[in-house]
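To start, the structure under review is shown below, and the notes come after it.
Residue numbers (our numbering), protein chains in the order written: chain A, 2 to 203; chain B, 2 to 203.
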């Protein structure tokens, strides 16, 4: 992909710059923490001038919010998909876990940021609240599936939800997309649901 | 527990201070990053004077090393226990996962630090190397258990190891020991091995 910041006409590339800025911001916020990152740092890391930054966003916090929405919005969009709303709870749970892996793989820097947020600003507290809401949604599905008799009753739903998401979220530690990993999200999602629902023992 | 820094005689409590210093250092390193933490910060956070700090440790890096050893040493000690060396690979794997949960629960601030280390100094690179060695050890046990026919062969051993450790390591995000959580590590360890080896479906 071209790294040029201008079109042949000399005009800036607003959409491309805005995309790249979000990607860079997510990575720098994750690495240094939101508090430890200045607009100066983001200007340096993105190669965009500070005036160009302020052309795209009103403030550092707006940039954080937009970057976090890139993770939060597609995660919650899963819930409205037919696979998450029709059928037995156990199948809906499996569907949501499978789709969450795909969102993580596709939105890796943004989900990584979401998982590193501490909660000092309003935006960070909003993000933590969204994380908790997603965790609860998974726990509710587990509870429903246990009540349906489809999941074993000797495990606590809240802990099960945490362990399922622990596996899914661990992707941000070790999943690195590359040309070689084509279809990898499908395989990992299948791996997680097989391990969790069928178990590893033969 | 008394927070007094002196004995009735007015003498400092060297062992207690050394313990507390390690605990405080692990938490502060995790929160601000090793690079972002000064001996000044550690003095403030521990309530020990800087000269007292240097009575206990030669340098900030030695403090990091000792804090990380509190996680690394007991994790590798598991490997030498009879449960990890005798019997079928699948049972040894289950044993190691179970014991690793207990180490995490008992050494929470130190394992949390270990999982947040980046690798800029020699000590951090050593810690990352130890983490990788532990991951490989788990992957080797998975592979052996697959070869024995005890674990399903349609899942990749390296990914299985990452997912198992993803569940175990997620404890640092949500496990908070308290008076109410007596026996919780046992329950969580049982939960993880049941989920992973038997599966959740009835």
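All C-beta atoms, glycine included, are put in the ideal place defined by N, C-alpha and C.
Which same chain residues, not among the five before or five after residue i, have their C-beta less than 7 Å away from its C-beta?
i	result
residue 47 (chain B)	21, 22, 25
residue 144 (chain A)	158
The alpha helix (DSSP H) with residue i in it runs from where to where?
i	result
residue 90 (chain B)	90 to 107
residue 66 (chain B)	61 to 80
residue 158 (chain B)	158 to 170
residue 135 (chain A)	123 to 148
residue 55 (chain B)	51 to 57
residue 86 (chain A)	83 to 86
residue 44 (chain A)	40 to 47
residue 187 (chain A)	185 to 194
Whole angstroms is fine: what's the gap from residue i's alpha carbon to residue j's?
i	j	result
residue 119 (chain B)	residue 80 (chain B)	25 Å
residue 101 (chain A)	residue 89 (chain B)	35 Å
residue 204 (chain A)	residue 175 (chain B)	Because chain A is modelled from 2 through 203, residue 204 (chain A) falls outside the range shown and cannot be assessed.
residue 69 (chain B)	residue 105 (chain B)	12 Å
residue 154 (chain B)	residue 148 (chain B)	8 Å
residue 173 (chain B)	residue 113 (chain B)	6 Å
residue 39 (chain B)	residue 33 (chain B)	10 Å
residue 169 (chain A)	residue 133 (chain A)	15 Å
residue 60 (chain A)	residue 50 (chain A)	14 Å
residue 83 (chain A)	residue 142 (chain A)	15 Å
residue 35 (chain B)	residue 45 (chain A)	23 Å
residue 129 (chain A)	residue 157 (chain B)	33 Å
residue 37 (chain B)	residue 85 (chain B)	38 Å
residue 202 (chain B)	residue 202 (chain A)	13 Å
residue 171 (chain B)	residue 171 (chain A)	8 Å
residue 96 (chain B)	residue 95 (chain A)	28 Å
residue 93 (chain A)	residue 146 (chain A)	9 Å
residue 57 (chain B)	residue 121 (chain A)	34 Å
residue 200 (chain B)	residue 43 (chain B)	45 Å
residue 185 (chain B)	residue 64 (chain B)	30 Å
residue 87 (chain A)	residue 78 (chain A)	15 Å
residue 115 (chain A)	residue 183 (chain A)	24 Å
With distance defined between alpha-carbon atoms, name the residue in the options nearest to residue i.
i	options	result
residue 109 (chain A)	A:201, A:200, A:41, A:28	A:28
residue 193 (chain A)	A:167, A:177, A:178	A:167
residue 62 (chain B)	B:104, B:95, B:123, B:50	B:123
residue 107 (chain B)	B:159, B:142, B:178	B:178
residue 76 (chain B)	B:64, B:146, B:161, B:103	B:103
residue 18 (chain A)	A:41, A:55, A:199, A:31	A:55
residue 53 (chain B)	B:67, B:31, B:16, B:78	B:16
residue 126 (chain A)	A:73, A:184, A:43, A:186	A:73
residue 188 (chain A)	B:185, B:160, B:71	B:160
Residues in its own chain within less than 6 Å of residue i by CB, not counting five upstream and five downstream?
i	result
residue 5 (chain A)	Any reading at residue 5 (chain A) is ruled out, since the residue's pLDDT is 48, under 50, leaving its predicted position unreliable.
residue 117 (chain B)	31
Quick one: residues in its chain with C-beta nearer than 8 Å to the C-beta of residue i, no 5 flanking neighbours on either side, listed in chain order?
i	result
residue 151 (chain B)	89, 90, 91
residue 98 (chain B)	139, 165, 169, 190, 193, 194, 197
residue 136 (chain A)	162, 163, 166
residue 66 (chain A)	124, 127
residue 41 (chain A)	51
residue 71 (chain A)	23, 27, 108, 111
Three-state secondary structure (DSSP) at residue i?
i	result
residue 114 (chain B)	helix
residue 201 (chain A)	coil
Do residue i and the ligand COA come close, with the Cβ less than 7 Å from some heavy atom?
i	result
residue 74 (chain A)	Only the bare structure without any ligand can be found here, which leaves the ligand COA out of the picture.
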